[in-house]
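Participant: Numbering (the working numbering), first residue to last: 9 to 518.
#1: What residue range does the beta strand (DSSP E) around residue 40 cover?
#2: Suppose you measure from the CA of residue 328 to the CA of residue 334; what does that come to, to the nearest Å?
#3: In terms of residue numbering, what span does the alpha helix (DSSP H) encompassing residue 95 cover?
#4: Under three-state DSSP, which class holds residue 149?
#5: For the candidate residues 451, 487 and 217, whose alpha-carbon lies nearest to that of residue 497?
#6: Should residue 16 go down as buried or exposed, given a rule of 16 or more other Cβ atoms within 10 Å for buried?
#7: If you follow the alpha helix (DSSP H) that residue 300 is in, where does it begin and where does it stop?
#8: Exposed or buried, residue 448, counting other C-beta atoms within 10 Å across all chains shown (16 or more means buried)?
#9: At 4 residues or longer, and completely inside the region 391-450: list those alpha helix (DSSP H) runs for me, N to C.
#10: What does the alpha-carbon distance come out to for the pair residue 42 and residue 315?
#11: Exposed or buried, what is residue 108 when buried is set at 16 or more other beta-carbons lying within 10 Å of its beta-carbon?
#12: What whole-angstrom Cβ distance do residue 185 and residue 204 have, given they're in contact under 8 angstroms?
#13: Residues in its own chain within less than 7 angstroms of residue 408 by CB, not counting five upstream and five downstream?
#14: In angstroms with no decimal places, state the Cα-to-Cα distance between residue 464 and residue 457.
#15: Cβ atoms of residue 77 and residue 20: under 9 angstroms apart, would you say?
#16: Do residue 229 and residue 38 have their CB atoms nearer than 9 angstroms?
#17: Among residues of its own chain, excluding the 5 on either side of residue 344, which ones have a beta-carbon nearer than 6 angstroms to its beta-carbon?
#18: Less than 7 angstroms between C-beta atoms, sequence neighbours within five positions excluded: which residues of the same chain meet that for residue 373?
#19: For residue 79 versus residue 61, is the C-beta spacing smaller than 9 angstroms?
#20: Report buried or exposed for residue 51, applying the criterion of at least 16 other Cβ atoms within 10 angstroms of its Cβ.
#21: Going by other Cβ atoms of all chains shown within 10 Å of its Cβ, with 16 needed for buried, is residue 26 buried or exposed?
#22: Rounded to whole angstroms, what is the Cα-Cα separation between residue 276 and residue 181?
#23: Hey, which unbroken runs of the alpha helix (DSSP H) at 4 residues or more fall wholly within the region 111-163?
#24: If you reduce the DSSP assignment to three classes, tell me which class residue 187 lands in.
#25: How would you label residue 432, buried or exposed, when you count the other beta carbons within 10 angstroms and need 16 or more for buried?
#26: Does DSSP classify residue 87 as helix, strand or coil?
#27: Starting from residue 224, trace the beta strand (DSSP E) both ways and give me its first and last residue.
#28: Relative to the C-alpha of residue 489, which candidate in 262, 133, 278 and 340 has its C-alpha closest?
#29: Along the chain, where does the alpha helix (DSSP H) that runs through residue 67 open and close?
#30: Here's the rule I'm using: 16 or more other beta-carbon atoms within 10 Å means buried, otherwise exposed. How should residue 508 be labelled?
#31: Suppose the cutoff is 7 angstroms on Cβ atoms and the five residues either side in sequence are ignored; what does the same chain contact list for residue 170 look like?
#32: Please determine, among 357, 430 and 503, the residue with the shortest C-alpha to C-alpha distance to residue 477.
#33: Tell me whether residue 276 sits in a helix, a strand or coil according to DSSP, three-state version.
#34: In chain order, what residues of the same chain lie with their CB nearer than 7 angstroms to the CB of residue 499, ignoring the 5 residues before and after it?
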């Protein structure tokens, strides 16, 4: 992977700030770094860049305000082409030499004011089009939070500015990467009632980045000499890690903003057939749902934490029997705990795919055992090849399965023609004219809706990752277009390759 980092250094003229950057690059062995708000004059830039790293190649756009964004990289590890440079963002194409991999990387330093920041949102949205299917990462100081949960101690209303940021992410098809470390990346260095914490810095990636490097996350480190924390790209992946497919978790549909996100994407105009438009919009929704799911964290840990808070609140309530504030606190903690339990149960029920579970069985030993069993049977640890060689490497096992079914499905089999006269004696029932007419009757909207709504919510999803529950919950928004796409298939007889695909399930004989 690329060893990358970004930091709002709040000026690089001081020796202490320069040494802090040197230490950061050395500690995390960075190959690529973005430094924003450098405040360095052009006449002094080469000297300071040499102090930071003599082996790095540096880019700073002094035709524009070059004291805002610097980009540096180790040319022995990565090859970088600067594609576009604007006041608030620099777009790069990065070639990771050892991996023979290519990605797009954008270093961001958003304006402090909302109106000038709109230029940044325009650049991001426009660049998402040529980015296409290439893995794309945006990292830096966006100078705005996504919502109120990313602020502590500030009474300012960020509603409109945050909404514009959210809309930009939807249009660009990017979402916040999994984060570890400190929740807030910026502190105003004041204390008491004037102390303010915000999450202004982040790393965003598109769906293609998530698919290529699913185990990447970023670390929000300590701020050191700045009021901003540096962000470091990290990975827990190993060579044997498989790529994870997108899967829609049904409990996400309970979010109050769920339908708003769907409506926002569904208003987009997509050129092409009805079927292509539906597939494209579903694809644009995936990073949105990934972000919504990621924001929930570990559901099991959420239940444990909520139970702990509830227990503490109830002990205080028992100690001070008639304190109304504590009674209200206990009620809030209880509602949070029940919500956390419901979300965990919904996820486990979907993973177990048990249709016979009753409410009382949800947390039983059988239930959790079923979840673990489903995970276990999906793994193949070893297999014998046609030559009776025992294969244990994951790649070897995968290739063996593929080659076996390629031989099976591509093999030519001769079949003698069968005449209708030969089959006639075996045809015990023939369709009546009215039955034949119904067989070729047009597929109506009610037929499609009835078929969809008859599928259980926890039925396994297809390769696109969307469950029947998703389509049921969004039917008021997506129903008309989905219906037209299905009717298009019945009239044309053609399926897009994205839809005409399936998983090959290997069922062991027991």
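Idealized CB from N, CA, C, for every residue including glycine.
Facilitator: Considering the structure as presented:
#1: 40-44
#2: 8 angstroms
#3: Note, residue 95: premise wrong, no alpha helix (DSSP H); not H, not E.
#4: strand
#5: 451
#6: buried
#7: 282-303
#8: exposed
#9: 402-418, 428-431 and 441-447
#10: 42 angstroms
#11: exposed
#12: The Cβ separation is near 24 angstroms, so there is no contact.
#13: 391, 393 and 399
#14: 13 angstroms
#15: no
#16: no
#17: 314
#18: Any reading at residue 373 needs caution, since the residue's pLDDT is 44, under 50, leaving its predicted position unreliable; the model's value is listed next. Closer than 7 angstroms at Cβ, skipping near neighbours: no residue.
#19: no
#20: exposed
#21: buried
#22: 12 angstroms
#23: 122-139
#24: strand
#25: exposed
#26: strand
#27: 224-228
#28: 278
#29: Taken as a continuous stretch (DSSP letters only), residue 67 belongs to no alpha helix (DSSP H), being part of the beta strand (DSSP E) at 64-68.
#30: exposed
#31: 152, 153, 154 and 155
#32: 357
#33: coil
#34: none
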